[in-house]
Structures are given as C-alpha cells and as structure tokens.
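The next block holds one structure in the form of structure tokens; read it before the comments.
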Amino acid sequence: MAEPRDKAEGWYLLHGMRKLNWGDWNSADERTKESAVDEAVEYLEGADGVDEGGTAVYSVVGDKADLMFLHIRPTVEELDAVERRFERTRLAEFTRETASHVSVTEVGGYTNEDVEDGDLSKYARSKLFPDIPDSRFVSFYPMSRKRDPEQNWYETTRQHRDEMMREHRESGEEYAGRIKQLISGSIGIDDWEWGVDLFTDDMKHAKGIVYDMRFDEASAVYSEFGPFYTGIRFPPSDLDAYLAG
Amino acid sequence: MAEPRDKAEGWYLLHGMRKLNWGDWNSADERTKESAVDEAVEYLEGADGVDEGGTAVYSVVGDKADLMFLHIRPTVEELDAVERRFERTRLAEFTRETASHVSVTEVGGYTNEDVEDGDLSKYARSKLFPDIPDSRFVSFYPMSRKRDPEQNWYETTRQHRDEMMREHRESGEEYAGRIKQLISGSIGIDDWEWGVDLFTDDMKHAKGIVYDMRFDEASAVYSEFGPFYTGIRFPPSDLDAYLAG
Amino acid sequence: MAEPRDKAEGWYLLHGMRKLNWGDWNSADERTKESAVDEAVEYLEGADGVDEGGTAVYSVVGDKADLMFLHIRPTVEELDAVERRFERTRLAEFTRETASHVSVTEVGGYTNEDVEDGDLSKYARSKLFPDIPDSRFVSFYPMSRKRDPEQNWYETTRQHRDEMMREHRESGEEYAGRIKQLISGSIGIDDWEWGVDLFTDDMKHAKGIVYDMRFDEASAVYSEFGPFYTGIRFPPSDLDAYLAG
Amino acid sequence: MAEPRDKAEGWYLLHGMRKLNWGDWNSADERTKESAVDEAVEYLEGADGVDEGGTAVYSVVGDKADLMFLHIRPTVEELDAVERRFERTRLAEFTRETASHVSVTEVGGYTNEDVEDGDLSKYARSKLFPDIPDSRFVSFYPMSRKRDPEQNWYETTRQHRDEMMREHRESGEEYAGRIKQLISGSIGIDDWEWGVDLFTDDMKHAKGIVYDMRFDEASAVYSEFGPFYTGIRFPPSDLDAYLAG
Amino acid sequence: MAEPRDKAEGWYLLHGMRKLNWGDWNSADERTKESAVDEAVEYLEGADGVDEGGTAVYSVVGDKADLMFLHIRPTVEELDAVERRFERTRLAEFTRETASHVSVTEVGGYTNEDVEDGDLSKYARSKLFPDIPDSRFVSFYPMSRKRDPEQNWYETTRQHRDEMMREHRESGEEYAGRIKQLISGSIGIDDWEWGVDLFTDDMKHAKGIVYDMRFDEASAVYSEFGPFYTGIRFPPSDLDAYLAG
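Protein chains in written order, with the numbering used here: chain A, 1 to 245; chain B, 246 to 490; chain C, 491 to 735; chain D, 736 to 980; chain E, 981 to 1225.
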C-alpha cells in the first residue's frame, strides 16, 4: 500500500507567535523600555545575521498574536537556542509565546526539477536553504492531508497524487512574481503535517492564491487547514515605533 | 476541477472582541477613569473620522466579549496600526482582546450587478468601500464552506453554486430594508473563510434571516458557522455611561 | 428547498455562568463581605422585581460554574444593562463570567395551539412572556440541529419535522406536572441554535425526560447538545448562606 | 422509534478534580500549612463520615489534576453543599477545581438481576446506594453513546442493545474480583451521558478490562470516551505526607 | 466480535511537559537561581539513579513546552511520587505542568518474538523494562486507533490487524539503527490509547519514519495522532546552561 515519495530535507524553521502584555509595557518606565528595545533589536539583528539561515519579525493583525518570529536554522539545537535566548531578554518578560510551528524545509516527491545531473538542482537548494524574502506581508498557516474514509490522501495512488500536485502547481504559477512560497514539513515533529508561508507585497494575492487553490482537488478534498496568521514584516530597527502603538 | 469565481476586493476589516477587567476598573480612582474615558473617546472618534473607512464600537451581550470594535481601513497596515494604537491607551489596560476576525470586502462571483459598462457598479463599490450602517444592532459571525465527502462546496459546479447563491439572495431579499449585510472574505487571511455582519434595528430580524437561510441549500448543506456575536452599537460619547454599568 | 416555519418571538434571555474566586472571598474582611452581600441581594431582588421579565439565581454543581444568573427581559438593551450592572457590584469583583447563552423566547412552527381566533393563544403568550418557575432545580443546556450528510434537519420535509416534533411532544407529556420546559431560540444571536431550560423539583425527572427523548428521532438523529448545567435555585436572601459554604 | 429502558436512580456523585498551586503552598509558612492540613483532614473525614454516602480522595497522576474528590450523597443539595464547604477551607485557597462530573447511580435496563419479588434486589441496592470500595486505584472516565449515521446507539433495537450489554457484561466478568465497577448516569445533568469508576488494586486490570471491552460492539462501535483519570487513593490522614511531595 | 490480543505489561511511564515562567526566573536573584538549579540537578540525577527505571529531561522546541520530563518506574505510586516530589523544589515554582501522558510498557499481540521457551523473550523484557536511550532527540506523541464507521480498528479481524502490524514493522525496520522505538499503552489510564517515543540522533529520521508509516494501512486508515513533541536531551548538569538561555 505504501508509496511514500523520497524527500530531501534542509534547514529547520520555527514560527513563534507572541502576545504582548501591553498594560505592563505601557506602565514600564522609559529607561526600562529603552534598554528593552535596544536589547531586543540587538537580539533580532544578531539572530538574522547568522551565516546560515535567518530571522524575521512580523506584526500580526488580530488577537492571535502581536508578533511572529520566523527563525530558520541548520539544526534543531540552533533553533531551540535562538528561541530560548529571546526568553532571557527584557522584552520577553512583556510577552508570552502562545503558538508555534516547528518544521524543516523539504523538496522532492512531486517535481523533477529537484534533481539535476544526479544532484540537487539550484531550484531545490533554494528551497532547502532559503533566504527569507523581503516581502511586505506573510500569510502563514499549518496544514495536514485528510485521512477520512472517502478522502484519504495516504490511500491515493502515487500517480493520482502527482496529478493533483501538478494541478496545484499550475494554480500557483498564476501567481508567479506575486507570491513566494516556502513549504516545510513537520510530520513527526509538530502537530500539523506541513507549514506554508506565502510571502507577498499585497495580501490580496495571498487571498487569491489560497482561494483559487481551494478548488484544486488537493485542497478541496484532501487538505485541512490550521490557523492563518497575517503578518506585516518590519525591520528590527522599527521595533521602537511598533511598540509606540 | 477548479472553477473559482473572479472576485474584486476592497477595504480590510478587523472585528476585535475585548473583555473588560471590571474589578480593576471599578477600583480605579475617578481621575484615572475620567482620563481613560476621555482618551478612549478621542481614540474612537478619531478612528471613525478617517477619510476612508471607519470605526464602530458595540456592547456585546454574554460572556464572549464586553466590547467589539469594528475597524474598516484601505490597507492592512492601517488596520494593524489602529488595533495597536488602542493598546497604548489607558482604557486598553483594563481590557484584553480575546477574539478577532481579519478580512477584506469582496464582490463578484455570483451576481451580474457588480459590473456596469465594464466597470464596477455603484452597488459593487458600496460593498467594497462601505460605510458602517448606523443600525442599532449587529450580528457578526465568521463562516466557512464545508469540504466533507458528500457536502463539499469546492467540488460543486459553478452553475450549482450560482443557483444556490440565487436562492440565498432571494431569502435575503425578504429582509430588504430590515437587514443590511456586509460580507468580507478571509481565505488566506484568517481561520474562517468569510465574515458576515448583519446590521439591523431589531435583533429578531437577524434571527429571522439566519433561520430562514439555514433551510437554503448553501447554508443547510454547505456551511459551517463560527461564534455569533450580538452587539449593541453606541456612540463613543456614551462610553462613560457604558462603563458606569 | 427552504421550508422554514413561521415563528413568533417574545422576550430575551441571558444565562450567565459565573465562577467565584473563593480564595479572595475567604480572605476579604467581614465588612467588605457584608456590604458586598447586601449590595448583591439588592441587585438580584431589584433585577427580579422588574415589571416585565425577571431574574433568578442558581447554585451550579460541579466546576463549570458556581452561580448561574437567568435574566429575562423584553429587549436586548435591558438584557445587556442588567448583565453589565452586576459588574459594578462588589461581589462581581470576586467572580468572572465564564460562559453564557443569549436567546429569545419563541413559539410557532410545530403546534396549532399557538394561535387562537387569529391571535396568539394564552398558551403561546405564557411561552413568549414567561415567568421563571419556582422549581427547586433547573437543567439548562444549549442545542443545535445536525447538518451532516445523512442527518440534516434542514433538509427534512416540513411534514417529517412535524411528525418528529409530535413524537417529541408526546415524550414530554409523560412528564407533565413534573417538568416545566422553556425553549428559546438563538439562531443568528449565539453559537448554539436553541436553549432549553427544564425546571423541576427532582433532578431525576430532568434525567428521565432527556433520556427518554434521546430515543426520539428528533434527538437521536438530528440533535447535538452543548454543556449541561445543573442548578439549585435559591432566593437572593440566601446569598449570605451560599457564600458561607 | 423510542425504546428507552426503565431505570431506577439512587444517590448522586460528584467527581471533582483539583490542581494545586504548589508554588504558593511551598512558600506558605509552616503554621498556615499545619492548620490548613488539619482543617482539610477534618473536612475529608467528616465528609466521609456521613450516614448515607461517603467521600474519598485520590492523588491523580499527570497534569490533568493533582487531587480527585469523589463525593456520594443522597441529594443534589448535599452534593452541592459538600463541594462548596471545601471552598471555605484554607487548603482550597491553594487549589482550583479544573474539571468535574455530576451524575447519579442507576440500575435497570439491561439485567434481570435488578428486580426480586417485585422489589429492587440486594444487588441493585448495592449499586444504587454504594460504598466507595477501598481499592488502591481508580480509573474514572465519562462516556457517551454515539449518535452518528452508521453508529447510533439510540436507533438500535432494544434486543440488539440487550445483546451488546450481555457481551459487555461477559467481558467484565473476566475481571470479577479484580475490578469493582460503579456506573452512574448523567444525561440531562452533565455533558457526558455516563460516568464509569473502575476500582482496582492493580492498574493493569483497569487497562485490561477497558482494552478487552473496546473490542465489544457496545464500545467499539457505539461509545465515545472522555478524559481518563488515574487516581491513587489515600486516607485523609496521609494528606500531610501527600503535600510534603 | 471481541478478538483482543494478550498483552504483558511492565513499567509505568510519565511524560510531563512543563512551561517555564521566564520572566520570574530572569528577575530572581542569583542566589535563588543557584540553589534552585542545584536542587533540581540533584532531583533529576537522583530520579535517574533509581535501581529500576529512570528519568530523562528534554528541551522542547516551540511553545507547547519548555521542558519534558520522562519518568519510568515499576509502579504507579513511584510515578506519582517522582512527579510530586519535583513540585516541592524551588525550580518547580518557576514552572507549571501543562500537558502529560501516563502509560505502561507493553508487549504481545503482534509478534512471536515476545515469547521464548514459554517465557518472555530477552527482546520482550527489553521493551517491558527499558532503559531510556541516550539519543540526542526524541519525538513523542500519543495516538489512538480510529473507531469510525468505515475505519474501525476494533472491528477488523485479528488476521487483518496482524497483517497491518507486519507492514508497519517492515516500515520501521528500514530505520533500524537510526530510530529506537518505545511503545506504551494507556487504554483505561489516560486519554489517548498509546504513547510513542522515537529516539534518534537526527530528527530527519523521526520525520522520515512517521512519514513513511503514514502510508501504511495501520496509520493511513486506522490511526489518529495527538500532539507531537520534539525534544533535545540534555544531562541534568547542563540545566544551568539551559536556563541561561
């Protein structure tokens, strides 16, 4: 029965959602705030300045989070360390992590583009060892494949899955240049099976691509979706302005 | 398989639900209360006074929230900013945001009325760039289309969906003049796929229209509903009276 | 497809569940307790003493709540006001509202008894504008009709629903004189579609009627039930004894 | 359609789960601890010493609770009173009730053993008015019968249910002498339909009986299970040792 | 209908997940921290140093926990005691247990390797009375068998289950030397039916084995999975470094 695809994995990702305790922040004295911001900016710039991987921070709209940190690192240990190091900062004391997703970049399975001369293609390497796009917005959501009686992804044939993924890719290609997609796998690592980041300069494109794809068989029939986070990227140096409301 | 409809999007919406910490509020000294109310009234009136979009505040009945803020803004950044700016007020320290919905107005898909001489009709523009109706009450709820084996909206034909939406519109027309409806999309943006605001001067009409529509195929078979919020609108200048119990 | 029933609505209901912070209460000084109790008794007696509607308080067994307030009022605004007014009392500071249900009384749909000489019958009026029965206990629960592929209430014929409701009424009639039932609708108003109050002097009758009805097609096949609250009514003047443990 | 069974009910049960605030407890001064323990031991021994019913306390393994109180009382009012009386103790201030189950003992329906010379048999009376067994461990869990399209307990025939319960009883009889079972009903009273207590001196028997029964049609097809609590009974006089870690 | 397998059980397991209150920890004075760490190291080393069983501690990536304690003990009482004893430490006051799983090792049912000369094989004994592997990482998750209309594990024949488990074992054997698996049962003991620990020196192997197995009938059709925890093991003596961020 089993027809799993061969996959290659790359770097690890942590999406960490944090809520701010605004009341405590507002009533902190200015010196505390200043030093907390300075330390946090230093943390964020240092975290993004690593040789391999990077770190980005987003303002999340709505109550689910205030901030989302996206960390990419070569190893689980480094991911754990960068998450934990933030907890030692002054700013962290005004926040708590309320949701997260741990995953690892992957390629393979559904495209031929991933292999070149018997080696990983440049395309594949850009997916496995990605830079975080500079795009203004991100739509992040975790998802899984359904395993219900009449809609069980893991009971379909490899050929059927290939066809569904081709349809899915074609829907995605309509948004080439407008959406940059980062797919990471979390089976055996976190509750949902995959994480999806859609980077874009116009959230209407994120809405458009997810809406269009929802009519693809792979989504319509075989996917269940977790929470969606809408984030606005800002450079660490704008943290001060962010916290000023 | 894919037959998505073409959509046009307009302004962004944030429904932000907040619970008050009444104990802390009650025991605050009068001067703190007064200045907190003054500042919040100024915030709310300013937020509603923007050139494009607006802001309304509702008292929510039941434990799910005390207050609901409805913000409409042309951009995600402005939405994020108006949400965050409130956190810097004194009143915010007596509240916390416990639920929210982020979405964007949309038209298209199921009516011909949306286009006129190849351009967006006046009707469509009123839906994309809406004023917040003055109605006394609002019933707000998020919803999604079902994707279950025998009831999968995204597997129906475009013609079938058109028919279902026509039936739905006809049910709605029975309430013309009694209910003003505002539909916004949140696919790729928030957890549910749509947000629905029913503005009315008599909550029994909101109950009536949702009850009647529940027998329409589009609702009966193909919809799942999130939490329903019943809100009573009040002008910012009544905030003082609101908080006096 | 749509065959909704005509309904008439009456007064609005709020079931408000509250948990006590017993630790804070226990360590409050006697003068604070006394004045908090006096004020709360005055609030409860005043709330029950309105010309139209009424208010009752119940001790809830188990962890879901300590107290349940049942408010009945002619308008949503009055419901909102009576809920909010409690928050300004001293006792409220020792409690928090952890669950609630907002609804409106309704008749019509499934009986002929509701109309008499073209007007609402006396029976119907007693259901729309009810007194809160004096019964010792209440079993309160919200419920909805199922909308699943093979068990979709909103896809059944009006005749089938009439038959199911007749069977249901017959089960209920076995408990005449032992159970007083109050049905209120919350479609478009709150998360569940209905609220059910079973007033009785012996909780075994509440268990009996719900058990018997569970074999009726309307319940067995077409209902889903929310949390059940078992409350013991007490007069406001016993609040002191209640809080003394 | 309805074929409910006749039931007889006896005493009421409250399973109350509590978590301890260990940090506060650890930092309390010795005199406070001593008097809190003395008062709680007195409460527990008094609660168990009632003429009808009894009270037992269990240490619960895992994070779901620290302590489980099992109260059995002839009336709902007494149950409510014994739950509330604890809240007035000093120890209660270091705990909070995080889960509970309210139910009433029942017999009838599926065995002939319950009636004797037209009266309740001695067996039935021992089930309706039970002593709490002295067993070292308890496995407590609430459960309901399924009401899904192809697995709806309330649509099966009475004969089919009799057969399923006979099979279930036979599975249970394999554990005679090793497991004492206490079944209580909570339809109309609490969220789940039944509560099950398995008293045993070896938790492996509790695992064994639930595993074996899971292959019985009544469980495999027609049951859904709530949380399982594994408790270790201890006499009130060991409370001191319990709290010493 | 019942065809349960004979099982043998061994030692009990507690997986205890804890979140740290980093803010309180950061602002504690150095002497408090030092003595808290010393005491916790002593606790952890003592807990691991027992004659039968052991204790390991993991740093958990993401928001679900900061630390996971894995305790293995011959009896439920010892498990309860080692969990409770931690609560008396200073470090515990900076943490709270937010999730857990209680289970017992088991063999039997699906392999012949478990019995040898009529006695438990060496293989079986290593599964029943296990050492905690030294592996760098653990993927821990609870799981249950599905009991839905068309995918009900407990309605399949014993032969079918044997075949499915053989397929599953073969998938697992691909990872021999890279993954050490520890299966424990929790039917009748905790909410999920089993707990699975995958010990590995490369989390990509944990992802790989769970992904591959998801195409096995036993997983694809008959399993539902709880939360997945990714843990990095560290020796108690590194607790100081862990807490330094």
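Built from N, CA and C at the ideal position, the CB exists for glycine as well.
According to the DSSP assignment, Arg1076(E) belongs to the beta strand (DSSP E) that extends over 1075-1087. Against chain B, the CB of Met507(C) has a partner CB under 9 Å away; the residue lies at that interface. Taken through DSSP and simplified to helix, strand or coil, Asn26(A) comes out as helix. Annotation: Arg233(A) to Ala36(A) spans about 20 Å, alpha carbon to alpha carbon. Counting only residues of its own chain and dropping the five nearest sequence neighbours on each side, Gly1206(E) has a CB closer than 6 Å to the CB of Tyr1121, Pro1122, Trp1172. By DSSP's assignment, Trp194(A) forms a beta bridge with Met143(A), Gly185(A). Beta-bridge pairing by DSSP links Met68(A) to Met17(A), Tyr58(A). Only Gly675, Ile677, Gly678, Ile679, Asp680 from the stretch 654-680 of chain C bring a Cβ to less than 7 Å from some Cβ of chain B. DSSP places Tyr368(B) inside the alpha helix (DSSP H), whose first and last residues are 367-373. With its beta carbon at least 9 Å from every one in chain C, Tyr288(B) lies outside the interface.
If you check each beta-carbon in the stretch 785-799 of chain D against every beta-carbon of chain E, the ones closer than 9 Å belong to Ser794, Val795, Val796, Gly797, Asp798, Lys799.
Residues of chain E with a Cβ closer than 7 Å to the Cβ of Arg161(A) do not exist; the shortest Cβ-Cβ separation is about 11 Å.
Minimum Cα-Cα distance from Met203(A) among the listed residues Thr230(A), Glu224(A), Ala28(A) corresponds to Thr230(A).
Between Glu989(E) and Arg1070(E), the C-beta spacing is not below 9 Å. Interface residue (Cβ-Cβ distance to chain B less than 9 Å): Lys697(C) is not classified as such. Asp131(A) and Gly54(A) have their C-alpha atoms some 7 Å from each other. Across the structure, Met803(D) and Asp783(D) are spaced so that their CA atoms are roughly 14 Å apart.
At the C-beta level, Phe718(C) and Ile924(D) come within 9 Å of one another.
Looking at the DSSP output, Phe382(B) shares a beta bridge with Thr445(B), Ile477(B). Taken through DSSP and simplified to helix, strand or coil, Gly1225(E) comes out as coil. Chain-ordered listing is empty here: chain D has no CB closer than 8 Å to the CB of Pro632(C), the nearest sitting near 11 Å. For Val837(D), the nearest CB of chain C lies under 9 Å from its own CB, placing it at the interface with that chain.
Under the Cβ criterion of 9 Å, Leu1219(E) is not counted among the residues facing chain D. Check the Cα spacing between Val795(D) and each of Arg753(D), His895(D), Asp854(D), Asn761(D): the tightest is with Arg753(D).
Nearest CB-CB separation between Val686(C) and chain B: not below the 9 Å threshold.
Considering only Leu1050(E), Asp1043(E), Leu1000(E), the residue with the shortest C-alpha distance to Val1037(E) is Leu1050(E). Within chain E, Ser1039, Val1041, Ile1212 have C-beta atoms less than 8 Å from the C-beta of Asp80(A), given in sequence order. The alpha carbon of Lys523(C) has as its nearest neighbour, out of Val572(C), Leu569(C), Ala582(C), the alpha carbon of Ala582(C). With its beta carbon less than 9 Å from one in chain D, Pro717(C) belongs to the interface.
Not a single C-beta of chain E is nearer than 9 Å to the C-beta of Pro970(D). By the criterion of a C-beta distance shorter than 6 Å, Asp975(D) is surrounded in its chain by Val772, once the five residues flanking it on both sides are discounted. Assignment of beta-bridge partners to Lys1160(E) by DSSP yields Phe1179(E). Taking Asp461(B) as the centre and dropping the five residues before and after it, the same chain places the C-beta of Met409, Glu412, His413, Ser416 closer than 8 Å to its C-beta, in chain order. Listed as beta-bridge partners of Phe705(C) by DSSP are no residues whatsoever. If you draw a straight line from the Cα of Ile424(B) to the Cα of Leu443(B), it is about 6 Å long.
The Cβ atoms of Thr647(C) and Phe619(C) lie no closer than 9 Å to each other.
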